[in-house]
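Okay, so here's the structure we're looking at.
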Amino acid sequence: MLFNRLDRLGNYMEEYKPNIGYASMNIDVEPQKYKTCRKENINNDNLYHLIQHNLKVLENTIDYNIKNNNKMFRVSSSLIPFGSSELNTLNWEDTFKDVFSHLKNKIEANEIRISVHPGQYTVLNSPNKEVVENAILDLKYHAKLIQLLSPQNNSKIILHVGGVYGNKEDAMNRFVDVYLNRLSDEIKAHLVIENDDRLFTVADVLWISSKTKVPVVFDNLHHEINPSLENEPIQIIINKVLETWHGEKPKFHYSQQAQGKRIGAHSDTIDLGKFIKDYHEIYYSANVDIMLEVKDKNRSFMKVNQYFNPSQTVLEQEWARYKYYVMSKSQKAYNDLRFMFRNNGKVDVRSFYKIIDDLSDLDINEKAEANTFSHVWGYFKRFATEKEKETYLRLLENQSIDAMYRH
DNA sequence: CACCGTCAAGTCGCA
DNA sequence: TGCGACTTGACGGTG
4 MLFNRLDRLG NYMEEYKPNI GYASMNIDVE PQKYKTCRKE NINNDNLYHL
54 IQHNLKVLEN TIDYNIKNNN KMFRVSSSLI PFGSSELNTL NWEDTFKDVF
104 SHLKNKIEAN EIRISVHPGQ YTVLNSPNKE VVENAILDLK YHAKLIQLLS
154 PQNNSKIILH VGGVYGNKED AMNRFVDVYL NRLSDEIKAH LVIENDDRLF
204 TVADVLWISS KTKVPVVFDN LHHEINPSLE NEPIQIIINK VLETWHGEKP
254 KFHYSQQAQG KRIGAHSDTI DLGKFIKDYH EIYYSANVDI MLEVKDKNRS
304 FMKVNQYFNP SQTVLEQEWA RYKYYVMSKS QKAYNDLRFM FRNNGKVDVR
354 SFYKIIDDLS DLDINEKAEA NTFSHVWGYF KRFATEKEKE TYLRLLENQS
404 IDAMYRH
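Numbering (our numbering), first residue to last: 4 to 410.
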């Protein structure tokens with residue numbers, strides 16, 4: 004009997020393997036940062052070069068995703084500076100038509116699911132008419148990005164409900180009203196709403212969904228901080244959220260609290276052990292895709308994706324990348340991992356990342372850090388200029404570890 | 001060259 | 001009533 008049940012659970016595991024995604028930026032591609040400008044510097048020439056640069060950042064991110072078998076990511080709203088403002092008079096859609104078409108082909112050929120996430124300033128339910136108009140323009144901009152990059156039903160615009168203004172019921176009714184009467188079918192085809200960490204709970208967004216049929220994105224950390232439906236088991240709540248997707252594959256958010264920071268602040272990295280525990284409690288029986296919201300972006304994607312799709316080759320690459328980080332934290336962890344990878348032995352994903360994740364709790368170890376810089380310097384001294392060499396030796400002598408990271 | 005305050009966007013919550 | 005926090009790169013001014 005027990006065996007049968009475990010066996011069935013194992014089958015669910017096979018069947019419900021989530022795509023794992025990360026938000027907006029990739030910290031390991033170059034050029035990495037999206038550029039923008041101030042209002043006073045907006046002109047067509049400037050915008051042209053900024054967008055050209057940003058599309059290159061996006062293409063590099065897509066290439067990274069293809070190479071690393073990543074099937075989901077969030078496109079940054081910063082792609083087009085002032086993309087929803089009338090101050091941007093460049094016809095960027097036509098100007099970069101060929102680039103968009105090229106990127107769209109890459110995304111679709113590799114079956115990558117995309118999403119966009121307008122920020123905290125896009126408020127559809129404001130009592131201020133102008134704020135609402137700007138929010139609608141911003142949704143049009145985001146829908147245009149989807150249309151240009153991947154105009155499929157599973158591409159989503161994730162939005163928060165907005166403000167409360169002293170009366171939550173009125174505020175929710177205003178959202179419903181704007182949704183039903185002001186949004187185009189094209190926006191509605193992609194728009195989904197998420198519970199937030201202060202104002203609108205899962206129960207609130209489910210209510211809005213019941214009036215509008217808008218699907219709901221469940222965010223675990225926001226639900227933990229701003230709970231609702233507390234008498235219901237979590238699986239019942241999840242089932243209610245799943246029903247709002249009407250058979251489409253849902254997208255959920257997952258994040259972890261940063262220790263010692265403001266409530267709701269996202270952690271630097273995903274602790275894989277905690278992820279696995281939460282995944283089995285919350286997401287396990289649901290056929291969903293999971294977007295990670297975390298500071299180290301694609302690196303946590305690699306970590307979580309290895310749990311679902313382990314590969315010895317990838318783990319070895321991961322070990323190579325984390326090597327100096329481990330060395331700078333703990334000589335013991337470094338030796339343990341070397342032992343783990345000895346003789347091309349098979350490495351267990353969870354054990355590997357447990358050693359890496361546990362390092363973040365350690366205090367700064369300046370001796371180990373200085374030792375690491377000596378190792379790294381062993382590689383760099385061949386390429387370094389005289390000036391860089393002087394800087395390095397001066398900083399090492401003074402044990403100025405922080406300054407060394409900067410250089 | 002390093003560092004700091006301000007700018008964009010809208011809302012909430014605390015003096 | 002007004003200002004800090006949230007977010008993040010740009011950019012001007014100061015030392």
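A virtual CB, placed ideally from N, CA and C, is assigned to each residue, including glycine.
Collapsing the DSSP output to three states places Gly24 in a strand. Restricting attention to alpha helix (DSSP H) runs no shorter than 4 residues, the segment 189-223 encloses them at 205-215, ordered along the chain. In the structure shown, the three-state DSSP call for Val167 is coil. Bridge partners of His269 according to DSSP: Gln260. Listed in chain order, the non-local C-beta contacts of Val350 below 7 Å within the same chain comprise Gln315, Leu318, Met343, Phe344, local neighbours out to five positions each way being set aside. Residue ranges of uninterrupted beta strand (DSSP E) with 3 or more members, entirely inside the segment 62-116 and ordered along the chain, are 75-77. When the beta-carbon positions are compared, Ile30 and Lys300 come within less than 8 Å of each other.
The closest CA to that of Lys147, considering only Phe103, Ile65, Phe304, is found on Phe103.
Runs of beta strand (DSSP E) with 3 or more residues, each lying fully within the segment 271-347, are found at 292-295, listed in chain order. Short of 7 Å from the beta carbon of Ile240, and not among the five residues preceding or following it, lie these beta carbons of its own chain, in chain order: Val205, Leu232.
If you draw a straight line from the Cα of Ile237 to the Cα of Asp101, it is about 46 Å long. In this structure, the straight-line span from the alpha carbon of Tyr51 to that of Lys280 is close to 47 Å. Around the beta-carbon of Ala112, fewer than 16 other beta-carbon atoms lie within 10 Å, marking it exposed. DSSP places Val135 within a helical segment (H, G or I) once states are collapsed to three.
Under the three-state reduction of DSSP output, Ser354 falls in the helix class. According to the DSSP secondary-structure assignment, Leu162 is paired through a beta bridge with Ile196. With contacts defined by Cβ atoms closer than 8 Å, Leu245 and Val217 do not form a contacting pair. Distances from the CA of Glu133 to each of Tyr337, Asn170, Ser88 were compared; the closest alpha carbon is that of Ser88.
Inclusion of Asn47 and Leu93 in the CB contact set at 8 Å is warranted, their separation being smaller than that value. For Val126, the secondary structure class from DSSP, reduced to helix, strand or coil, is coil.
With respect to the 8 Å criterion, Leu275 and Val297 are not classified as neighbours on the basis of their beta carbons. Annotated three-state conformation of Val32 is coil, per DSSP. By the C-beta criterion, the segment 143-163 is judged not to be in contact with the segment 320-329, since fewer than 3 inter-stretch pairs fall below 8 Å. By the Cβ criterion, the segment 186-203 is in contact with the segment 163-177, since at least three pairs of Cβ atoms, one from each stretch, lie closer than 8 Å. Distance from Met75 to Ile115 at the Cβ level is roughly 7 Å; contact confirmed, criterion being Cβ atoms closer than 8 Å. If you ignore the 5 residues before and after Ile45, its C-beta comes within less than 8 Å of the C-beta of Pro84, Phe85, Leu90, Asn91, all in its own chain and listed in chain order. The alpha-carbon separation between Phe178 and Ile190 amounts to approximately 14 Å.
Counting along the chain, no alpha helix (DSSP H) covers Ile45, and no H or E run does either. With 16 or more other Cβ atoms inside 10 Å of its own Cβ, Asn68 counts as buried. Judged by beta-carbon spacing, Lys243 lies beyond the 8 Å limit of Asp292, meaning their Cβ atoms are not closer than that value. Taking all protein chains shown into account, Glu43 has fewer than 16 neighbouring C-beta atoms within 10 Å of its C-beta and is therefore exposed.
In the displayed model, Lys254 falls within a strand according to three-state DSSP. Taking the Cα positions, Ser270 is about 5 Å away from Gln260. Exclusion of the five residues before and after Met305 leaves Asn71, Val317, Glu321 as the residues of its chain whose Cβ lies within less than 8 Å of its Cβ. If you draw a 10 Å sphere on the C-beta of Leu186, you find 16 or more other C-beta atoms in it, and that means buried. The three-state reading of DSSP puts Ser363 in helix, counting H, G and I together.
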